[in-house]
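Heads up, the thing below is written out as structure tokens.
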Amino acid sequence: MTDTAPTATRGSVLAEAAIWPAFMIVAVLHALPTGLNPLTDMVSEYALGRYSTLTKACFLAIAVSAYCLAVGLRSALPPVRAVKTATTALTVMAAATAALPFFAADPDRPSTPHGWVHLAAALLGMVSLIVAAFAVAAHTRSHSASRPSSALLTRLGFACAAVMSVSLVLMLARVFPGLTERVLILAGMVWIGAVARSLRH
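In terms of the working numbering, the sequence shown opens at residue 6 and continues consecutively.
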């Protein structure tokens with residue numbers, strides 16, 4: 006990767022600072038007595054119970070992290086097609102995820118206008134994150150011969166993008182939708198954190 010400018014460094018620091026608290030919130034939610042089944046119930050359903058504020062804070066933290074990463078990548082990398090694709094996708098993902106706290110999900114399948122908006126925003130955010138991961142991996146692959154760190158980031162990027170893609174397909178097919186959504190979210194968080202840190206090294 007190119008040398009990071011101050012804006013890139015700030016973006017990466019803020020992205021990493023936001024994503025790990027979001028990860029911790031997800032972990033804490035699974036330790037609380039929510040009555041939800043992680044295999045079948047979606048993460049958004051935590052926002053329907055007594056831990057609504059905590060869940061919404063998690064969504065907003067992920068949105069902030071994605072946007073800050075987009076800013077960091079835009080400042081640190083050359084404006085080639087893959088980078089533009091990644092930053093645009095991350096910005097879309099940030100906007101979609103930021104909308105989730107304001108449109109409550111419906112239990113099981115959407116049946117209300119706000120439930121459909123929540124579902125559309127969630128899917129848009131997931132697809133955008135996958136696109137961003139593939140785009141960054143495609144860019145770093147061209148630098149992998151000269152920089153070992155780029156090679157590692159490329160492998161991680163393609164691996165996370167593949168895991169998220171398979172998880173999304175299984176989730177939409179209702180194959181343990183709660184579990185597959187959680188795998189997708191975890192892979193996305195790991196990818197955001199890793200890319201954010203790489204901008205400072």
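For glycine and all other residues, C-beta sits at the position ideal for the given N, C-alpha and C. Just so it is clear, the structure is predicted and the values come from calculations on it, not from any experiment.
1) Curious, which full-length alpha helix (DSSP H) runs of at least 4 residues does the region 91-178 contain?
2) What whole-angstrom Cβ distance do A138 and G120 have, given they're in contact under 8 Å?
3) Kindly indicate which residue of T60, V195, R146 and A23 has the alpha-carbon position closest to the one of M169.
4) Are at least three pairs of beta-carbons, each pair with one atom in the region 68-85 and one in the region 175-182, less than 8 Å apart?
5) How big is the Cα-Cα spacing for K89 and G40?
6) Can you say whether S17 is buried or exposed, counting buried as having 16 or more other CB atoms within 10 angstroms of its CB?
7) Let me know the secondary structure DSSP gives R205 once reduced to three states.
8) Could you spell out where the alpha helix (DSSP H) holding P11 opens and where it closes?
9) Would A62 pass as a contact of I24 if the rule is Cβ separation under 8 Å?
10) So the candidates are E186, H144 and Y56; which of them puts its Cα closest to the Cα of L37?
11) Closer than 7 Å by C-beta to R146: which residues in its own chain qualify, once you throw out the five before and the five after it? Chain order, please.
12) Identify, in the order they occur along the chain, each residue of the same chain with its Cβ nearer than 7 Å to the Cβ of V188, setting aside the five sequence neighbours on each side.
13) Near G198, which residues of its chain fall below 6 Å by C-beta distance, leaving aside the five closest residues on each side in sequence?
By the coordinates alone:
1) 118-146 and 153-177
2) Between G120 and A138 the Cβ distance is about 27 Å, and since that is not below 8 Å, they are no contact.
3) V195
4) no
5) 42 Å
6) buried
7) coil
8) P11 to A36
9) no
10) Y56
11) T159
12) V168 and S172
13) E21 and I24
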